[in-house]
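Protein chains in written order, with the working numbering: chain A, 1 to 530; chain B, 1 to 339. Just so you know, even glycine gets a beta-carbon here, dropped at the ideal spot from N, CA and C. Small disclaimer: the values here were computed from a predicted structure and weren't measured.
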Amino acid sequence: MEKRLTLATAAALLAVIGLLPVLAMVASSFHISGSFSLKAYQALLASSQQYALLLGRSVLLSFLTSALATVVGVPLGVLIGKSDLPWRGTFAVFFTVPLLIPPYLIAVAWGAIVGKGGWISQAFPSAASDLLSAAFFGLPGCTGVLFTAFMPIVMLLTTTYVGVVNPRWEDAGRLVSRWPHVLRRITLPLIAPAILFAAVLVFLLAFGEVGVPTYLRYPVYPLEILTQFAAFYDFGAATAAAIPMLLVTLAILALEYRLLHNPILELRAVMPGATRRQIPLGHWRLAVFGTVLGWALLTVVLPLAVLLIQSASPSAYIEAFSRSSGSIVRSLAFAVIGATALTLLGFCCGYLIHRRALPLWRSVDALALFLFTLPGTVIGIGLVSLWNTSMTNAIYGSPAILILGYLAQYTVLPMRITSASLESIPRSLEHAAQLGGASWFTSLRYIVVPLAKRGLIAAWLISYVFCLRDIGISMTVYPPGSDTLPVRILTLMANGAPSLIAALCVILIVVTLLPLGVVSLWLRHSARQS
Amino acid sequence: MKKAFWIVPVVFVALAIALWRYYSPGGAPTVVVYVSHDQVFSEPILRDFEKETGIHVRAVYDTEETKSAGAMNRLIAEKRNPQADVYWANEPIRAEVLRQQGIAAPYISPNGLGIPETFRDPNGYWTGFAARARVLIVHRDTSPKPTSMLSYTDPRWRGKTVIANPLFGTTTTQIAALFVLSGDERGHAFMQGLRDNAVKVSPSNGDSADLVARGEFAFSLVDSDDVVNRMKQHQPVEMIYPDQGVNEIGCFVVPNAVVLIAGSPHPAAGKTLIDYLLSKESERKLAFSDAAQIPLHPDVAGPSYLQPIASIKVMKVNYMEIASKLQTILPFLKSWAEF
């Protein structure tokens, strides 16, 4: 009873926090001047040809980004998570850095490298630099920047999942074949659902991206929604314009469900003491190391170097701290609270969908993923419409509204990670505890949570990163006088000195990496102790 | 693990309570202001206001870089239960939109009376101050120099010029002003001329200014503060006030505008802030800061790199007419931008 009640409450919470604001927005799109109207949708149909073109571009950009991220991210994830490649931990951190900063800033950094007047143009003949610049400001540049920004998702999920593949399967394979064949026929098929989820995630993140395509002058569909908001101040039309995006999203989700109709994720408990199987790279080790190092230098170190060089003066950091110390502290506090709340809600929802504890488990999964794909502005305006009343001022006028926004948009991340972590915990353990008279909460506390510890920490960290880097929701609903660091970076970008902006970006990266470092040290410490 | 099981919720609850208490309304006087003027320039003014009056300022910043999607949309979405007392708009059209939507309240500040009537609403729904001029940023190597907004359509500059997306910000306002001044037919012809002359469209004025500074384009129509900013960074650009000839249309001037929000929670503090922003001292500060805003009080002197408002041939337009025209030409501008 307590289990069903808790999980039902979590599902209801997600619906109230996430779905109600969206429904409020959709309802308002049918009301113009207080009466029912289909005008917003008629206007949408009238411009269908133009919208189809933009939608096509968005799908193409997202597909290319997702495909590239998967093609590169999966081998990298395997190398980092399963091979004896030197500097694996360092590479993992390096490749993750672009995920920590808003993609728009990565585009700006790359602009300083390959744009006209940038580093490359000074080193190459003008014809070559013109060609490079032209390619950068368009689909190739957009794809490259978004790929750099989102590839870590595929890499990290692959790294995590190859670590929890039951070694017995691989051992059996190794008896008759070599590692490449085992990887191709056993390991990767086993983690295919995780790879597919990562690819879908990257697709959806690229699909909703506005900042990078705008900066690189590649018109995409989400810009249409922004235009309705920012140029026409027409919330109804903006919501109507979001409908085609939602349809594409639903189609992608349906495809994912179809592909995972018979899930083959056969991960099983990695019990204490069990050893992971490592792939020896042998005489390829140096060559692979050189390739990965070169790739890291090109895609991560180079744009980061731009930020570091631009910010390389004490005065830039002094000004950055004097202008933004409050924003830094707030960002940290909001992200810690947001990540903790997300982990709690995500755990309940993840448990619900993994154990299929309630008949509506599939709806909860779809709802969480659906909310993740909505533009932050849409969720933000929905939250304003729903919570900005005199009765709920205590929530709307405080950071609670931001936390609600984070819960609405990012629950899918801890939910899916929890669900995957539960895969490695035999249900028989819970059943045994219940037969012994333990309540559901007791079995959670003493069995499930300790065994899913790594997954829950990963869920918290990923939630923390996404809360910290959020712009869409924060920009729309942050309480007056309480901006977050990414919002401050964006608002200071207009006519702010490049050194100041670069220093703030470096601070954002450090602030994000800080808890990752602490957790990493803690995990090493507990591993040594055990 | 047992310890961690309890530490996490305890820290979480403590942090949440601390934040809740911090945001609970206290006794100190407060004003909430939504700002579309660049934060890097507006924040120091608001801090000075805090120091001088003791009124705590809680601001929501927004910029043209984010297409002002934040502040304006919040003001409109919050109409039923306003949170803001004052809106500091970076151009008067947004202020006018708020008036039309019933979000602005009238307030005639005594400090605004010295500002020319052209730059304020006659009923006090908004008052302009500290203006930007819409000028040409020209790369130093460009020769000859363009002198008019109409240079965009001169075949000599084909493919060599850039303009910010006319759907957003001051570029929209200027195009609407051109439609008001020259009529729809010539307005459409100008826009077609831009298209025929392969004018590039950039995301914002700031990007346009950067593209010219990097030598990618010969010139662009931007705000005067964008040029001054690049000049102070020693970038190879010059500022030209366009259309200053006898028979030319003049330079379009875009003042900031301040609005009192109807039904705001702290109207008295809001009025105090409006008085402060419209004071000569604030205009002087904005002129001498990197914002390089042109003072509208006739007796406030600006820095040497800014022409006094009296010496500029200003485009003679009515901002309310521009706001109305803007509503009618937006669909056209949208289709133009999508082309």
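Close Cβ partners of residue i (< 7 Å) along its chain, the five nearest in sequence each way excluded
| i | result |
| --- | --- |
| B/Tyr241 | Ala133, Val135, Cys251, Gln307, Ile312 |
| B/Lys145 | Val138, Ile240 |
Residues that DSSP places opposite residue i in a beta bridge
| i | result |
| --- | --- |
| A/Ser35 | A/Ile32 |
| B/Thr127 | B/Arg120, B/Val258 |
| B/Tyr61 | B/Val35 |
| B/Leu136 | B/Leu221, B/Ile240 |
| B/Lys200 | B/Val162 |
| B/Cys251 | B/Val314 |
| A/Ser83 | A/Ile279 |
| B/His56 | B/Thr30 |
is_contact[residue i, chain A] using C-beta, thresh 8 Å
| i | result |
| --- | --- |
| B/Asp121 | no |
| B/Phe41 | yes |
| B/Leu260 | no |
| B/Arg140 | no |
| B/Tyr87 | no |
| B/Val135 | no |
| B/Ile76 | yes |
| B/Lys160 | no |
| B/Tyr61 | yes |
| B/Arg132 | no |
| B/Lys334 | yes |
| B/Ser206 | For the sequence presented, residue 206 of chain B should be read as Gly rather than Ser. Closer than 8 Å to some Cβ of chain A, the Cβ of B/Gly206 qualifies, so yes. |
| B/Met72 | yes |
| B/Asn229 | yes |
| B/Ala198 | no |
Cβ of residue i within 8 Å of any chain B Cβ
| i | result |
| --- | --- |
| A/Asp470 | no |
| A/Ile381 | yes |
| A/Asp84 | no |
| A/Leu444 | no |
| A/Ala494 | yes |
| A/Leu136 | Rather than Leu, the amino acid found at residue 136 of chain A in this sequence is Phe. No, A/Phe136 lies away from the interface with chain B (no Cβ there is under 8 Å from its Cβ). |
| A/Tyr233 | yes |
| A/Val270 | The predicted position of A/Val270 is uncertain, since its pLDDT is 49 and thus under 50; a value taken from the coordinates is nonetheless stated next. False, the Cβ-Cβ gap to chain B never drops below 8 Å. |
| A/Tyr218 | no |
| A/Tyr317 | no |
| A/Phe532 | Outside the modelled stretch of chain A, which goes from 1 to 530, sits residue 532 of chain A, for which no answer is possible. |
| A/Tyr464 | no |
| A/Thr491 | yes |
Residues of its chain near residue i, where Cβ-Cβ distance is below 6 Å and the 5 sequence neighbours each way are ignored
| i | result |
| --- | --- |
| A/Met391 | none |
| A/Leu99 | Pro152 |
| A/Leu205 | Phe150 |
| B/Ala213 | Arg230, Gln235, Val237 |
| A/Met155 | Gly73, Leu76, Gly77, Phe95 |
| B/Leu106 | It is worth fixing the name first, because residue 106 of chain B is Pro in this sequence and not Leu. Asn123, Gly124, Tyr125, listed in sequence order. |
| A/Ala502 | Leu307, Gln310, Ser311 |
| B/Glu91 | Thr170, Thr173, Val254 |
Close beta carbons around residue i, own chain, < 8 Å, minus the five adjacent residues each side
| i | result |
| --- | --- |
| B/Ser202 | Val162, Ile163, Ala164, Asn165, Ser208, Leu211, Ser220 |
| A/Thr491 | Asp483 |
| A/Ala15 | Leu367 |
| A/Val378 | Val22, Met25, Ile225, Ala238, Thr239, Ala242 |
| B/Arg94 | Ser36, Ser68, Met72, Tyr87, Ala257 |
| A/Tyr215 | Tyr104, Ala107, Val108, Gly111 |
Any non-hydrogen atom of the ligand NAP within 7 Å of residue i CB
| i | result |
| --- | --- |
| B/Gly206 | This structure does not include the ligand NAP; it has no bound ligands of any sort. |
The region 270 to 298 of chain B: which residues have C-beta closer than 9 Å to a C-beta of chain A, in chain order? Only Asp290, Ala291 from the region 270 to 298 of chain B bring a Cβ to less than 9 Å from some Cβ of chain A.
Ignoring anything shorter than 3 residues or poking outside the region 473 to 508 of chain A, list the beta strand (DSSP E) runs there in chain order. none
Closer than 9 Å, Cβ to Cβ, to anything on chain A: give me those residues from the region 306 to 326 of chain B, in chain order. none
Compile a chain-ordered list of the residues in the region 382 to 397 of chain A whose CB is closer than 7 Å to at least one CB of chain D. This model lacks chain D altogether, as its protein chains are A and B.
Listed from N- to C-terminal order along the chain, which residues in the region 331 to 364 of chain A have their beta-carbon within a distance smaller than 7 Å of any beta-carbon of chain B? Result list: Ala333, Val336, Ile337, Thr340.
Please list, in chain order, the residues of the region 473 to 488 of chain A that have any C-beta partner in chain B closer than 9 Å. Met475, Thr476, Val477, Tyr478, Pro479, Pro480, Gly481, Ser482, Asp483, Val487, Arg488
At which residue ranges does the region 72 to 121 of chain B contain complete alpha helix (DSSP H) runs of 4 or more residues, listed in the order of the chain? 92 to 100
Taking only beta carbons into account, state which residues of the region 101 to 115 of chain A come closer than 8 Å to chain B, listed in chain order. Gly115
Starting from the N-terminal side, write out each stretch of the alpha helix (DSSP H) that is 4 residues or longer and does not extend beyond the region 157 to 201 of chain A. 167 to 176, 179 to 182
Could you name each continuous alpha helix (DSSP H) segment of 4 residues or more that falls completely within the region 217 to 257 of chain A, going from the start of the chain to the end? 222 to 230
Chain A contacts made by the region 159 to 192 of chain B, where a contact means CB separation under 8 Å: Leu167, Phe168, Thr172
Tell me the start and end of each unbroken alpha helix (DSSP H) in the region 360 to 414 of chain A that is at least 4 residues and wholly inside, in chain order. 361 to 373, 376 to 387, 393 to 396, 400 to 410
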